[in-house]
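Contents: one structure, followed by commentary.
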Ligand SMILES: Nc1ncnc2c1ncn2[C@@H]1O[C@H](COP(=O)(O)OP(=O)(O)OP(=O)(O)O)[C@@H](O)[C@H]1O
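Residue numbers (full-length UniProt numbering): 1 to 244.
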């Protein structure tokens, strides 16, 4: 479970987060929607303690990431646009390395690598060095790393960018299964189809503030607008940052 209460974070004088509050319960997938620059990535980095918040409270399964960043990270899988692949390692070596960092045992790492390879279709490049990987291959390896230690909470910043249709569907199936297993998932996206296909709830942020949190249906009812994309535009007051 992820609880966020009135979180603020500034870069110099610029308030990137200026009052974000929401809760994501276990077994729920929540879309994080907001125009470019709304604060989505900053929020995700703050939730795992990569950035220290200025004010407010964060709890990830009861752990405050500012007080215990390693404890929080054990409960969280974070995928950002910084994939952080090691080009001299093969995909397998890279995943083994992250399994060790997460204190998994050797047999567990081997078994889990087989599972994520199957899940994300890594087979063709499992034993190739990461140098030169395509965007889609890079994101799949980063996703495999994110899922490897079976975190109970997932923070995914635009996970389907650069993925082909088959991989997008595979990821959607994987996330559906994780949600059924009780994981909390926050998915930052600009793709409305992903929201309607996968997410139970929507959080809308604009200018670093929470504008709304509800189910897609309730957001449409609340705004009196039948279409989620139009309801989102109405809530944030701009058409910036929307993909079809
Ligand atoms: N390290 C930083 N230093 C200064 N400003 C920053 C820094 N990181 C983010 N910002 C600013 O904070 C605001 C929020 O950025 P953030 O990356 O969180 O937005 P976002 O919602 O993820 O946007 P996008 O949809 O474009 O990915 C932006 O105005 C950005 O320029």
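Note that beta-carbon positions come from the ideal geometry of N, C-alpha and C, so glycine has one too.
Everything numeric in this text was worked out from a predicted model, so none of it was measured.
Inset, instruction - Compute the minimum distance between the beta carbon of residue 38 and the heavy atoms of ligand 1, and state whether it is under 7 Å. - result: Checking the Cβ of residue 38 against ligand 1 gives yes.
Legend entry - Reference residue 142; option with closest CA among 220, 61, 113, 169: Comparing Cα-Cα distances from residue 142 to each of 220, 61, 113, 169, the minimum goes to 113.
Inset, instruction - Ignoring anything shorter than 4 residues or poking outside the segment 117–189, list the alpha helix (DSSP H) runs there in chain order. - result: Within the segment 117–189, the runs of alpha helix (DSSP H) at least 4 residues long that lie entirely inside it are, in chain order, 135–148, 165–180.
Legend entry - Identified DSSP bridge partners for residue 237: Looking at the DSSP assignment, residue 237 forms no beta bridge with any residue, so it has no partner.
Legend entry - Cα-Cα separation, residue 53 to residue 68: Near 13 Å, if we compare the C-alpha coordinates of residue 68 and residue 53.
Legend entry - Span of the alpha helix (DSSP H), counted from its first residue to its last, around residue 62: First-last for residue 62: undefined, no H or E at that position.
Legend entry - Runs of alpha helix (DSSP H) lying entirely within the segment 4–71, each at least 4 residues, in chain order: Runs of the alpha helix (DSSP H) inside the segment 4–71: 40–47.
Inset, instruction - Would you mind sorting residue 201 into buried or exposed? The rule is 16 or more other CB atoms within 10 Å of its CB. - result: Around the beta carbon of residue 201, a 10 Å sphere encloses 16 or more other beta carbons of the protein chains shown; the residue is thus reported as buried.
Inset, instruction - Flag this pair as yes or no: are the beta carbons of residue 15 and residue 208 separated by less than 8 Å? - result: Yes, the Cβ-Cβ distance between residue 15 and residue 208 is below 8 Å.
Inset, instruction - May I have the straight-line CA-CA distance separating residue 147 from residue 11, to the nearest angstrom? - result: Cα to Cα, residue 147 sits roughly 30 Å from residue 11.
Inset, instruction - Please go through the same chain and pick out, in chain order, the residues whose beta-carbon is closer than 8 Å to the beta-carbon of residue 89, but skip the five residues on each side of it. - result: These residues qualify, in order along the chain: 97, 129, 130.
Inset, instruction - Can you give me the Cβ contacts of residue 3 inside the same chain, cut-off strictly under 6 Å, excluding the 5 residues immediately before and after it? - result: So the list reads 23, 59, once near-sequence residues are dropped.
Legend entry - Burial state of residue 177 (16 or more Cβ within 10 Å): By the neighbour-count criterion, in which a residue is buried when 16 or more other Cβ atoms sit within 10 angstroms of its Cβ, residue 177 is exposed.
Inset, instruction - Tell whether a beta-carbon distance below 8 Å holds between residue 144 and residue 116. - result: Contact flag set, yes.
Inset, instruction - Tell me whether residue 198 sits in a helix, a strand or coil according to DSSP, three-state version. - result: Reduced to three states, the DSSP call for residue 198 is helix.
Inset, instruction - Compute the Euclidean distance between the alpha carbons of residue 45 and residue 95, then round it to the nearest angstrom. - result: Counting only the Cα atoms, residue 95 lies some 22 Å from residue 45.
Inset, instruction - Express the C-alpha separation of residue 220 and residue 74 in angstroms, rounding to a whole number. - result: Near 36 Å, if we compare the C-alpha coordinates of residue 220 and residue 74.
Inset, instruction - List the endpoints of the continuous beta strand (DSSP E) containing residue 78. - result: Looking at the DSSP string, the run of the beta strand (DSSP E) that includes residue 78 is 76–79.
Inset, instruction - Compute the Euclidean distance between the alpha carbons of residue 230 and residue 77, then round it to the nearest angstrom. - result: If you take the alpha carbons of residue 230 and residue 77, they lie about 31 Å apart.
Legend entry - heavy atom of ligand 1 below 7 Å from residue 34 C-beta: Result yes, Cβ under 7 Å from ligand 1.
Legend entry - Span of the alpha helix (DSSP H) around residue 223: Residue range 216–223 is occupied by the alpha helix (DSSP H) that includes residue 223.
Inset, instruction - Please report the residue range of the alpha helix (DSSP H) in which residue 96 lies. - result: 91–101 is the extent of the alpha helix (DSSP H) around residue 96.
Legend entry - Any non-hydrogen atom of ligand 1 closer than 7 Å to residue 18 Cβ: Between ligand 1 and residue 18, a heavy atom-to-CB distance of less than 7 Å is absent.
Legend entry - Nearest neighbour of residue 17, chosen from 7, 167, 25 [CA to CA]: When C-alpha distances from residue 17 are compared across 7, 167, 25, the shortest belongs to 7.
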